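Structure first, commentary second.
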Amino acid sequence: MRTDLMHGLKALLILGALLAAPGGFAAGAAGPGATDWQKWTAGNKVTDIPSLQRGAAHFVNYCSGCHSLKYVRWSRLGEDLRIPEGELRKSLMPAGTKPASYVISSMPRADAEGWFGIVPPDLSLIVRARSVDYVYRFLKTFYVDPAKPLTGVDNLTLPGTAMPHVLSDLEGLKLAAFRSVGGEGGAPVKQFVKFETIAPGRLNAEQYDAFVRDLVNFLDYASEPAQAARRSLGIWVVLFLLVFTGISWFLYKEYWKDVH
Ligand code: HEC
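Here it is as structure tokens:
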């Protein structure tokens, strides 16, 4: 009976630890010269509130002109990210929106279609649809391609993308070097070799990396707003169980000490 209880507690402890485990592991070298871009990981933490706050500001400044988060309300965002309503209204919400409104881009669909040939997708669930590492790589693998008349850039993660490199003033501009290798049936295939920076941006490589990490962290949160709260609850569950296990142990000692 008692061992059953201890086993149960142990299982709960493990479960709690799993719930509390951070979202990912830090990325390795992800500099502009790195060729292993398919292995880059975001290494973001949805429990890192200051990072989420920065990410929300980045989203508002650089993405919300084209993309919405149609399942996220401003009020909920403010609560989860611990941004007071005054601050939320002043620095994030577009003038004239109510806290109960959803985060909706001001760009009319028809205009978007005319400009890009495609409506920029809603990003509420993008991390669940594609993964946080995918979005991180997407934002780090834009390169200059004069053959793209509309945007002047292409992307390794989403080749042929219609999205312009909206972060180029921060990251700078880079070229991608490719080599031809024999593919199946002898037809040459373009294989990526390396990036080469041709114009620096306002941020250096580490700063840009941190910027993108905060941004995808925010999108990770947006795709499942409950997870930030659930993860921090996990820590309390573990603490409670530890204390509870300690108390049980002392009681057990206390009850049985006279028997021996
Ligand atoms: C000027 C308009 C514009 C801005 C600003 C913009 N995007 Fe986009 N975005 C697009 C368009 C257009 C697409 C559709 C691209 C496609 O499918 O080729 C897109 C697609 C995407 C996708 C989906 C990629 C996929 O695999 O389907 C992601 C993720 C994304 N954008 C993230 C962002 C983030 C993050 C920001 C802010 C840093 C941002 N976008 C800013 C226009 C924009």
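Quick note: the sequence shown uses numbering that gives the first Met the number 0, first residue 0, plus one each step. Using N, Cα and C, we set each Cβ at its ideal position, and we do this for glycine too. The structure displayed is predicted, hence computed values, not measured ones.
Contact under 8 Å by Cβ, residue i with residue j
i, j, result
"Asp219", "Val126", "yes"
"Lys173", "Thr196", "yes"
"Thr150", "Pro158", "no"
"Trp235", "Thr140", "no"
"Tyr142", "Asp132", "no"
"Val118", "Ala111", "yes"
"Thr34", "Lys193", "yes"
"Ala186", "Phe115", "no"
"Leu68", "Asn216", "no"
"Val134", "Tyr61", "no"
Helix, strand or coil at residue i according to DSSP, with G and I counted as helix
i, result
"Val215", "helix"
"Thr96", "coil"
"Glu205", "helix"
"Arg81", "coil"
"Leu51", "helix"
"Ala175", "strand"
"Gly181", "strand"
"Lys44", "coil"
"Thr244", "helix"
"Leu124", "coil"
"Glu195", "strand"
"Lys38", "helix"
"Leu91", "coil"
"Val188", "strand"
Close beta carbons around residue i, own chain, < 7 Å, minus the five adjacent residues each side
i, result
"Glu84", "Gly77, Pro98"
"Pro93", "Ser105"
"Phe137", "Asn154, Thr156, Leu157"
"Arg178", "Gln190, Val192"
"Val211", "Tyr135, Leu138, Lys139"
Contact test: residue i Cβ vs the ligand SAH heavy atom, cutoff 7 Å
i, result
"Phe137", "Summarising the ligand content, the structure contains the ligand HEC and does not contain the ligand SAH."
Proximal residues to residue i (C-beta, below 8 Å), its chain only, five neighbours per side dropped
i, result
"Leu250", "none"
C-beta neighbour in chain D for residue i, strict 8 Å
i, result
"Arg212", "The structure shown has no chain D; it contains just one protein chain."
Jot down the residue ranges of each uninterrupted beta strand (DSSP E) in the segment 131-174, minimum 3 residues, whole runs only, in chain order.
The segment 131-174 contains these whole beta strand (DSSP E) runs: 141-143, 152-154.
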